[in-house]
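J.: In this note's numbering, the protein residues as written are 1 to 82.
Backbone N, C-alpha and C define an ideal beta-carbon position, used for all residues, glycine too.
Here it is, the structure in full.
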C-alpha cells in the first residue's frame with residue numbers, strides 16, 4: 001500500500017453534515033451490498049449429478065414431475081428433465 005492510497009478517502013460526502021452514526025450506517029449498508037454482490041458472483045459447486053439422476057429434482061414437484069403446460073411444444077417438454 002502506498003502512502004497516497006492511505007490518505008485518499010473511501011467515502012466522500014457531497015452534501016449535508018452526517019454524524020458518526022449516519023456514516024456508520026452508510027458504511028454498513030455499502031459493505032452489505034458489496035458482500036451480497038460478491039456472493040452472487042461465486043459459482044455454485046457442481047454436484048456431479050445430472051437432472052436425470054438427481055432424486056431431489058423429482059421431489060420438488062407433486063408426483064415427481066414438472067407440471068405440464070399446454071402448448072405447441074408440450075409433447076417435447078413432457079420428456080425433458082425437471
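For residue 7, which of helix, strand or coil comes out of DSSP?
T.: helix
J.: Closest by CA to residue 10, which one among 40, 20, 27, 18?
T.: 27
J.: Can you tell me the Cα-Cα spacing of residue 20 and residue 40, whole angstroms?
T.: 30 Å
J.: Within the same chain, show all residues whose beta-carbon is closer than 7 Å to that of residue 70, passing over the 5 residues directly before and after it, in chain order.
T.: none
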